[in-house]
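Residue numbers (my numbering): 555 to 618. Quick reminder that beta carbons are idealized off the backbone N, C-alpha and C, glycines included.
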């Protein structure tokens with residue numbers, strides 16, 4: 555199974571529920587990726603490490 559999660563911004567502070575759900579899906583063997591409608595948060599890389607979602611493919615919108 556493949557799951558695409560669409561969010562406004564990922565990762566973001568105080569959005570641990572989304573990270574927990576995404577991490578649980580990945581642990582269950584689901585191919586999951588995250589696509590954000592907004593640009594990346596300034597602390598995105600640090601938050602990915604903090605929420606332990608570094609291995610989850612994700613993309614953010616860009617004005618480019």
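query                                                                                  : result
Nearest to residue 584 (by Cα), restricted to the options 613, 559 and 569             : 559
8 Å Cβ shell around residue 608 - same chain, five flanking residues per side excluded : 602
Residue 573, DSSP secondary structure in three states                                  : helix
CB of residue 667 within 9 Å of CB of residue 586, strictly                            : Here the chain has residues from 555 to 618 only, and residue 667 is not among them.
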